[in-house]
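As they're listed, the protein sequences go chains G and D. Numbering (my numbering) for the first sequence: 1 to 125. Numbering (my numbering) for the second sequence: 1001 to 1385. Ideal Cβ positions, reconstructed from N, Cα and C, are used throughout, including at glycine.
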Amino acid sequence: MVTKKQAPYTTYVEHLKQGQLAYQFSTAANKAVFFPREFCPFTGEDCLEWRISSGLGTVYSTSAISVRDAAPYNVALIDCDEGFRLMSRVEDIPADQVKIGMRVQFRLHTPEGDDPYPVFVPVAA
Amino acid sequence: MKNSLKRGSVAIVGAAESDLGEVGPGFSAMDLMAQGVHRALADAGLTIRDVDGIFSATAQSRFAGLALAEYLKLPEAFIDSTATGGSSFMGHLAKAQMAIETGMCEVAVIAYGSTQRSLGRKNTSVAEYNPYETPYKPFLPPTAYAMAAARHMHEFGTTREQLAEVAVAARQWALLNPAAFEKKPLSVADVLSSRMISYPLTIRDCCLVTDGGGAIVVTSAERARTLKKAPVFLLGEGHVTTHASISNMPNLVETGAIRSGEIAYAKAGLTAKDMDVIEVYDAFTINTILFLEDLGFCKKGEGGAFVSGGNIAPGGKLPVNTNGGGLSYCHPGMYGLFLLIESVRQLRGECGARQIAGANTAIAHGNGGVLSSQNTVILGTAATL
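Here it is as structure tokens:
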């Protein structure tokens, strides 16, 4: 049970631990909100409800970051179909093969001893 | 937006850099601020005893205003140390105008100092943890600007060669500036073949990492007219914050400079085509393209073509970043103050080989964070009042 006193980030992580990519929705502004927060940034009202994303999205922008003596890794901005954007990375393909406009699907990443976070993989053609 | 500040009510009367480049071990950020203050006051024909306002920011001091007040022994000075990254100093100039107009101070110094090259970036700026970004290890700030560049390439067909043209033009200007860090020519091929940092940006698409600081001195228009050098008047200023972290930037190819420019132009009663001197914050090559578009020097999406063929280089149609910019002159972390210093020197006709003949108006556009804070300042000589 989510209480009002729980930090928005804590609720977000609880959903991730259940394999869900959660976001907030402002019923006053009729818009998705991300990152999770206490109040609607569009109206200032206490009207944010949690919703679960389908996990489908599109790469808005991307970069392959160079590393000495290793393959580049990817960082991308993903526009989820529900209308919110988040930073993430696209896995399963080389970093330089991630392209703007590519359709991607949420996958949970759980680092050892740390909070889980969402990553994405290309949607199978 | 409500703003009753008067066009031309204050002027910059002194401007100076501290030592630049690599100042060596032992120097503090405050040492460099003090060098800048000392030299800028001498430039104005004033002394530290005239100063009653302190404006400063640096990543190396949590309370930069306190630290500078301590260093200069000015216990009753009006202090502001608003930090909006590299654009902080444009904001300080606007706040100095408020303070001077309302009688909170009469002579303000706006100062910056950084020893990030001597100490290493990791030792001079603390990376903030953001649970929605940090786990992905974006190499910030370059990755944020790389994603803006990638998006610009995707939407408008901008090329890496066009990005490189910005670095080449900056280098050509730097070769005309004795204070510039870079001393050798640079070609488009050099930029493209240099080490990739965060695609599509190579190390030559990224600003320098140098030490450096400086200061400007600001006072009322009345007092400015009694001082040593020709005053450079503040005609307009606009500040817009679209986001803090790059994942919250509404549109990666349209910056807050569109609006900050509109506000500043409206206050100044001028437009882009009236600007003689154009100094825009070039932390990365994509910045120059975005800001020339957003400040009205070319149409959205046409910036890549606009910067090509030497158009913004010495001898080009539109001289941009005449000191060599953050890309080739100096970039000690928060570069905005240097845009103001160069604008002042151009408007006074002090720039030697890189002087723009007959310059009366200047736009100095500051950028802070990851395209987050956009702060446009328009300056002019007495002829513009």
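| Asked | Found |
| --- | --- |
| Whether N51(G) touches N74(G) by CB criterion (9 Å) | The question names Asn, yet the displayed sequence has Arg at residue 51(G). Their beta carbons are not under 9 Å apart, which means R51(G) does not touch N74(G) by this criterion. |
| Three or more C-beta pairs below 8 Å linking the segment 1105-1122 of chain D and the segment 1309-1320 of chain D | no |
| Expected contact under 8 Å - CB spacing of Y117(G) and P1135(D) to nearest Å | 5 Å |
| Beta carbon of A1179(D) nearer than 9 Å to that of T1288(D) | no |
| Opposing strand residues paired with H109(G) [DSSP bridges] | Y117(G) |
| Contact check, K1228(D) vs G1045(D), beta carbons under 9 Å | yes |
| Same chain, Cβ closer than 8 Å to A1257(D), neighbours up to 5 away in sequence not counted | V1240, L1290, F1291, D1294, L1295, H1365, N1367, Q1374 and T1376 |
| The segment 1143-1167 of chain D: positions lying closer than 7 Å to chain G by Cβ | T1143, A1146, M1147, A1150, R1151 and H1154 |
| Cα-Cα separation between S54(G) and L86(G), rounded to whole angstroms | 14 Å |
| Of the residues A1094(D), A1015(D), I1048(D) and A1034(D), the one placed nearest S1260(D), counting alpha carbons only | A1094(D) |
| C1306(D) versus A29(G): straight-line alpha-carbon distance, rounded | The sequence as given places Phe at residue 1306(D); Cys does not occur at that position. Cα-Cα distance, rounded: 39 Å. |
| Segment limits, alpha helix (DSSP H) that includes F1297(D) | From DSSP, F1297(D) is part of no alpha helix (DSSP H); its letter is neither H nor E. |
| Residues from the segment 50-75 of chain G in contact with chain D, defined by Cβ distance under 8 Å | Y60, S61, T62, S63, A64, I65, S66, P72, Y73 and V75 |
| Presumed contact (8 Å Cβ cut-off) between P72(G) and D96(G), rounded CB distance | 6 Å |
| When D1276(D), E1254(D) and R1160(D) are compared against G1358(D), the one with the closest alpha-carbon | D1276(D) |
| Partners in chain C for S88(G), counting only beta-carbon separations shorter than 7 Å | Of the chains in the structure shown, none is chain C; the protein chains are G and D. |
| Partner residues on chain D for R85(G), Cβ-Cβ distance less than 7 Å | S1247 |
| CB contact flag (A1016(D), G1214(D), <9 Å) | yes |
| Neighbour flag for E1133(D) against chain G, beta carbons, 9 Å | yes |
| DSSP-derived helix/strand/coil call for K31(G) | strand |
| Chain D contact for Y196(G) (CB, 9 Å cutoff) | This structure does not reach residue 196(G), given that chain G is present from 1 up to 125, and the question cannot be answered. |
| Contact set for L1194(D): own chain, Cβ-Cβ below 7 Å, skip 5 residues either direction | Here the sequence assigns Ser to residue 1194(D), which means Leu is not the residue at that position. The residues are T1202, I1203 and R1204. |
| Short Cβ contact (9 Å threshold) for G1269(D) with G1236(D) | yes |
| Partner residues on chain G for Y1112(D), Cβ-Cβ distance less than 8 Å | By Cβ distance, chain G contributes nothing, its closest Cβ being about 29 Å from Y1112(D), past 8 Å. |
| Residues bridged to K1078(D) (per DSSP) | Per the sequence shown, the amino acid found at residue 1078(D) is Phe instead of Lys. Its beta-bridge partners are G1053(D). |
| Per DSSP, cross-strand counterpart(s) of H1365(D) | V1280(D) and T1376(D) |
| Sequence-distant residues of its chain with Cβ nearer than 8 Å to T1210(D) (five each side left out) | L1020, G1021, E1022, Q1116, R1117, F1181, C1330, H1331 and P1332 |
| Limits of the alpha helix (DSSP H) - the one that A1383(D) falls within | Run containing A1383(D): none; DSSP gives neither H nor E here. |
| Per-residue burial, G1085(D) [other beta carbons within 10 Å of its own, 16 or more giving buried] | buried |
| C-beta neighbour in chain D for P111(G), strict 9 Å | yes |
| Which of helix, strand or coil DSSP assigns to Y12(G) | helix |
| Where P72(G) sits in the DSSP three-state scheme | strand |
| When I1012(D), T1361(D), S1247(D) and T1384(D) are compared against P1131(D), the one with the closest alpha-carbon | S1247(D) |
| DSSP three-state assignment for I65(G), whether helix, strand or coil | strand |
| Proximal residues of chain G, C-beta to C-beta of I1286(D) below 7 Å | What I1286(D) touches in chain G: nothing, since even the nearest Cβ is about 12 Å away. |
| Chain G contact residues for Y1199(D), given Cβ-Cβ distances below 9 Å | T62, S63, A64, I65, S66, P72, A95 and D96 |
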